[in-house]
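Numbering (the working numbering), first residue to last: 180 to 393.
Beneath this line is the structure, given in structure tokens, with notes to follow.
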DNA sequence: CTCCCGATAT
DNA sequence: ATATCAGGAG
């Protein structure tokens, strides 16, 4: 048994178990991914995909979103929750992209984060999945799973992102992000983690603590 | 820290 | 009934 680190074991095991882990938001263009990600706050990507399937068929460019207008946009995304803020931000971001970026999504995390409603996580998702730039977005799943496994201890997504970036080589950041999300959804659920079927329970901090103290 | 917020699973 | 869902802004 070679003496490899827990982080390396976790990456290898998850990649072997979940080779198909990928971005589950459906998109055809960087702009579509940006909008889908902005819509994904506090709701499942499955429901985002249902809404964007209809939305993008009518408007999938900044100019198209602007043409819809606020009320129409709110109506179309209402079922996703937080719809007022989301619609306002998407409209304002579309206006900026149209006015200042020629309608194209910038391939830069800092530029993306200047858009209203776009924070660290959304910017990371866009550059990673649309432009192939290594990034490690920390969403609710990554945050929870990283803590449970013992990969990170920071109390903010930003701290966890930093810890994970230091623990894993750059070329693994994007893949690790998808692997941890996949594990979080299918196995390491927030309410009822299915440790019996977890491929990395053997090195999981939470699992070890749970079986140590019944 | 609170607020935004509907849909779904538990 | 309540926690949770690919968060961000004030």
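Ideal placement from N, C-alpha and C gives every residue a C-beta, glycine not left out.
- Following the DSSP letters along the chain, one finds residue 343 inside the alpha helix (DSSP H) bounded by residues 336-346.
- With respect to residue 259, residue 222 sits close: the two C-beta atoms are nearer than 8 Å.
- CA-to-CA, the gap between residue 213 and residue 305 works out to about 6 Å.
- By the neighbour-count criterion, in which a residue is buried when 16 or more other Cβ atoms sit within 10 angstroms of its Cβ, residue 231 is buried.
- The region 237-274 contains, as complete alpha helix (DSSP H) runs of 4+ residues, the segments 241-247 and 249-256 (chain order).
- Burial state of residue 339 is buried, judged by a 10 Å Cβ sphere holding 16 or more other Cβ atoms.
- Contact between residue 273 and residue 312 is absent: CB atoms are separated by about 22 Å, not below the 8 Å threshold.
- Considering only 357, 220, 240 and 351, the residue with the shortest C-alpha distance to residue 262 is 220.
- Residues 300, 336, 339 and 340 of the same chain have their beta carbon placed closer than 7 Å to that of residue 317, with the five preceding and five following residues left out of the count.
- Linking residue 371 to residue 267 through their CA atoms gives a straight-line distance of about 35 Å.
- For residue 386 against residue 374, the beta-carbon gap comes to about 5 Å, under 8 Å, which counts as contact.
- The shortest CA-to-CA distance from residue 342 to any of 367, 365, 369 and 314 is the one to 314.
- Inside the region 296-330, DSSP marks whole alpha helix (DSSP H) runs of 4 or more residues at positions 299-310 and 319-328, from first to last along the chain.
- Note on geometry: alpha-carbon atoms of residue 302 and residue 275 lie some 15 Å from one another.
- If you look at residue 215, you'll find it in the alpha helix (DSSP H) that goes 209-218.
- If you draw a straight line from the Cα of residue 255 to the Cα of residue 226, it is about 12 Å long.
- Nearest Cα to residue 202 within the set 367, 389, 390 and 359: 359.
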